[in-house]
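Peer 1:
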Amino acid sequence: MNTEQIERIEHIAKRLATATRVTVLTGAGISAESGVATFRDPNGIWTKFKPEELASMDGFLKNPNLVWQWYQGRRDVLEKVVPNPGHTALAELQRWLETRGGRLTLATQNVDRLHHRAGSTDVLELHGNIVENYCSRCRKPHEYVFSDNPDQREPPRCTYCGGQIRPAVVWFGELLPVDVLAAAEAASEQCDVFFSIGTSAEVYPAAGLPIVAKRNGAFLVEINPNATALTRYADVVLHAASGAVLPQIIEALSSDKEQTTND
Ligand code: OAD
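Just remember that our numbering sits 71 ahead of the position in the sequence shown, which is counted from 1.
1. Please classify TYR205: does DSSP put it in a helix, a strand, or coil?
2. Which of helix, strand or coil does DSSP assign to ALA108?
3. Who are ASP180's beta bridge partners in DSSP?
4. Would you report the Cα separation of LEU291 and ALA284, rounded to the nearest angstrom?
5. Closest by CA to ALA19, which one among LEU137, THR176, GLY190 and VAL153?
6. I need the boundaries of the alpha helix (DSSP H) containing LEU247, first residue and last residue.
7. Where VAL107 and THR170 are concerned, what is the direct C-alpha to C-alpha distance, given to the nearest angstrom?
8. Checking 9 angstroms against the spacing of the C-beta atoms, do ARG79 and VAL264 come in under that value?
9. Answer with buried or exposed for GLU225, where buried requires no fewer than 16 other C-beta atoms within 10 angstroms of its C-beta.
10. How far does the beta strand (DSSP E) with THR97 in it extend, from its first residue to its last?
11. Comparing alpha-carbon positions, which option in MET72, LEU280 and ALA300 lies nearest CYS262?
12. Between which two residues does the beta strand (DSSP E) harbouring PRO281 extend?
13. What do you get for TYR275, buried or exposed, if any count of 16 or more other CB atoms within 10 angstroms of its CB means buried?
14. Among all the DSSP beta bridges, which residues are the ones paired with ARG228?
15. Expressed to the nearest angstrom, what Euclidean distance is found between the alpha-carbon atoms of ARG174 and VAL93?
16. Confirm, please, whether the CB-CB distance from ARG237 to PRO135 is below 9 angstroms.
17. How many angstroms separate the CA atom of ASN155 from the CA atom of GLY314?
18. Return helix, strand or coil for LEU175, following the three-state DSSP convention.
19. Here's the rule: buried if 16 or more other CB atoms are within 10 angstroms of the residue's CB, otherwise exposed. What is GLY144?
20. Among the residues of its own chain, which have a CB less than 8 angstroms from the CB of ARG184, if the five just before and after it don't count?
21. Going along the chain, which residues of its own chain have a beta-carbon closer than 6 angstroms to the beta-carbon of GLU163, five neighbours each way excluded?
22. Is TYR205 closer than 9 angstroms to ALA254 when the C-beta atoms are compared?
23. Relative to the C-alpha of THR109, which candidate in PRO318, LEU317, ASN295 and GLU124 has its C-alpha closest?
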């Protein structure tokens, strides 16, 4: 790590030390080091597959088996991966703030549930999740556990109306869950520090949250190996992998605490 990066991490730790409310937005990049593919990187999912075929209601109506099987493949990947140090550091940061009477709100665009598995609580899933399912016709929730029947090759049928079951992810052209988005917007408006981590910041409304935070006076941090449309608005940018630098921010916080205790 170079000196500039160390200074930036210390700067972030200082802002966190006086912060009461912290809001974090994560995207596919935070799960990259767990082995989950991102969407828009050179080897990303949308460079190989068409979103309109696999992640839209039209695509599902045209070819439900294809869409179901593609999500089954993604579920299979998720069975085999584990949270990485970036996920764990965010769960730790949440606990650290809570013990000081503060609050961290974690809003994620990811459907992979890795934040939950790392110990984060009250995660706002802006794009739903891949674990739950509901009926594409009557919208009633449907209980299907992938590990109980991983060979299910076609969408199960709804026990109420016989409609085809779909994963509870938000597809293109669909609205985000209203209460989840409202909670994320409120947390963005009210925070002292906002982190945008591992997202290309291209998909709205999620991509607008850092700007809401900035407009309301938050200190904006971006963590991403690559520049995005958000980079120029950030107060501090760490061009690095989140699994590498998030634990270093936690470490800087603890050394800050030790210093205070020794003073
Ligand atoms: P993208 O694939 O668009 O962006 C991933 C970002 O992560 C890129 O900017 C990478 O540079 C960055 N990245 C890669 N490796 C990283 C690492 N180790 N640490 C930190 N950052 C890293 O994914 P999202 O922004 O999440 O929506 O995409 C937003 C939405 O578009 C997704 O939720 C999904 C997709 O279509 C739906 O499926 C509805």
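C-beta atoms are modelled at their ideal positions from N, C-alpha and C, and glycine is treated no differently.
Everything numeric in this text was worked out from a predicted model, so none of it was measured.
Peer 2: This is what the structure gives:
1. In this structure, TYR205 counts as strand in the three-state DSSP scheme.
2. Coil.
3. Per the sequence presented here, residue 180 reads as Gln, with Asp not at that position. Residue pairing from DSSP leaves GLN180 without any beta-bridge partner.
4. Their backbone Cα atoms lie some 8 angstroms apart in a straight line.
5. Since the first residue shown for the chain is 72 and the last is 334, residue 19 is missing from the structure and cannot be characterised.
6. Element bounds for LEU247: n/a, residue is neither H nor E.
7. Answer to the nearest angstrom: the Cα atoms are 32 angstroms apart.
8. For ARG79 and VAL264, no; Cβs fall outside 9 angstroms.
9. When all chains shown are included, GLU225 counts as exposed.
10. Counting along the chain, the beta strand (DSSP E) containing THR97 begins and ends at 92-97.
11. Residue LEU280 is the option with its Cα nearest to CYS262.
12. Per DSSP, PRO281 lies in no beta strand (DSSP E); the unbroken alpha helix (DSSP H) holding it starts and ends at 280-286.
13. Of the residues assessed, TYR275 falls on the exposed side of the cut-off, its CB having fewer than 16 other CB atoms within 10 angstroms.
14. GLN235, per the DSSP bridge assignment.
15. For ARG174 and VAL93, the gap between their C-alpha atoms comes out near 6 angstroms.
16. Yes, they are a contact pair.
17. Our two residues, ASN155 and GLY314, have alpha carbons roughly 6 angstroms apart in a direct line.
18. DSSP places LEU175 in strand when its eight states are reduced to three.
19. Label assigned to GLY144: exposed.
20. Taken in chain order, the residues that qualify are LEU149, ASN200, ILE201 and VAL202.
21. So the list reads ILE321, once near-sequence residues are dropped.
22. Cβ atoms of ALA254 and TYR205: not closer than 9 angstroms.
23. That would be ASN295, whose Cα lies nearest to the Cα of THR109.
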